[in-house]
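Student: Input: one structure, supplied below.
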Amino acid sequence: MPPPYAPPVSAQTTHPTPIDEAVMRLALRRARLAAARGEVPVGAVVYETATGIILARAANRRETDRLPHAHAEFLAILRAAKKVGDWRLNHCTLVVTLEPCPMCAGLIVNARLGRVVFGAPDPKAGACGSLMRLTEDPRLNHRLTPIGGVLAEESGALLRAFFRARRK
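Residue numbers (the numbering used here): 181 to 348.
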């Protein structure tokens, strides 16, 4: 976990920071836990952008909970909002191991997140650059430019290994 005295990160930062990479490693740990439970290995962490303080962590739980919305980033955003006592998370960064889908990208916009950092792109369902750019759509009242590719190889390798094992 990044120390609470970490140097502030501007919400306008368009490049990954050392804090983003450290938090991505925490998200990867959550993704590995999801894989161990038979879930698609995706992990997410929400932290306060200016301080680096972790607000919430989550991993995919769709199979475990039998709920279609139990994606790692969805759960992390809900937990962070509950922790801060507000649905507006403009002072926060979401770090997730896989590019968010349209459902999660919609929640990112609705929660007014300040930053989104993701690992591996998702060419089949990615809504932050691969298939569409939902978080950057000028027709929406909140927009943000996601930062992709942070520890992408490690995130992608975890997903590939999981699906390879499932096919056997």
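Note that beta-carbon positions come from the ideal geometry of N, C-alpha and C, so glycine has one too.
Which same chain residues, not among the five before or five after residue 266, have their C-beta less than 8 Å away from its C-beta?
Tutor: Translated into positions along the sequence shown, residue 266 becomes position 86. If we look at residue 266 and ignore the five residues flanking it on each side, it has no Cβ neighbours.
Student: Take residue 338 as the anchor and find which of 203, 220 and 252 has the nearest alpha-carbon.
Tutor: On the sequence shown, residue 338 is found 158 positions in, with the first residue counted as 1. Minimum Cα distance to residue 338 is reached at 220.
Student: Which complete beta strand (DSSP E) runs does the stretch 187-228 hold, if anything under 3 residues is left out?
Tutor: Listed in chain order, the complete beta strand (DSSP E) runs (minimum 3 residues) inside the stretch 187-228 are 223-228.
Student: If you reduce the DSSP assignment to three classes, tell me which class residue 295 lands in.
Tutor: Along the sequence shown, read from residue 1 onward, the residue named residue 295 stands at position 115. It is a strand residue.
Student: So for residue 272, helix, strand or coil by DSSP?
Tutor: The sequence position of residue 272 within the sequence shown is 92, counting from 1. Strand, per DSSP.
Student: Which partner residues of residue 319 appear in the DSSP bridge assignment?
Tutor: To locate residue 319, count along the sequence shown from 1; it is residue 139. Paired residue(s): none; residue 319 is not in a bridge.
Student: Rounded to a whole number of angstroms, what is the C-alpha to C-alpha distance between residue 256 and residue 212?
Tutor: Position 76 of the sequence shown holds residue 256. Position 32 of the sequence shown holds residue 212. Looking at the two C-alpha atoms, the distance is approximately 16 Å.
Student: Give the straight-line distance between the Cα atoms of residue 328 and residue 246, rounded to the nearest whole angstrom.
Tutor: In the sequence shown, the residue the question calls residue 328 occupies position 148. In the sequence shown, the residue the question calls residue 246 occupies position 66. So the alpha carbons of these two residues sit roughly 29 Å apart.
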